[in-house]
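**Student:** Handing you this structure, nothing more for now.
See below:
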């Protein structure tokens, strides 16, 4: 794919990230599952309106808590894949940032 007049091998970049950062991908999936569980728990114990992420809050109001939060997590993994596909050298950093955000969300969700 040509982006800003440069050829970007999206498939090759994504495959590189999946092959070289297997542990980070596994931790990202695990943290997404824990974030889903803790978000579900605090939404059912409290209110959907306590969710700080406007997109997740809207999806939970519109589609229900389980489906809304699930779609949000799938979109997060999709975004990680998209960013890793754009740039091979930045894939580790992208995965670490999203992993850190998930861990922060898990901690915040367990506090409420």
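In the working numbering, the protein residues as written are 1 to 112.
Ideal Cβ positions, reconstructed from N, Cα and C, are used throughout, including at glycine.
(1) For residue 12, does the three-state DSSP call read helix, strand or coil?
(2) Using CA coordinates, which residue listed in 106, 102, 108 is at the minimum distance from residue 24?
(3) Which same chain residues end up closer than 7 Å to residue 70 when comparing Cβ atoms and leaving out the 5 residues on each side of it in sequence?
(4) Residue range of the alpha helix (DSSP H) that residue 112 falls in?
(5) Select from 51, 107, 48, 93 the residue whose C-alpha is nearest the C-alpha of residue 20.
(6) CA-CA distance, residue 46 and residue 57?
**Tutor:** In short, the structure shows the following:
(1) helix
(2) 102
(3) 36
(4) It is not in any alpha helix (DSSP H) - residue 112 carries neither H nor E in the DSSP assignment.
(5) 93
(6) 13 Å
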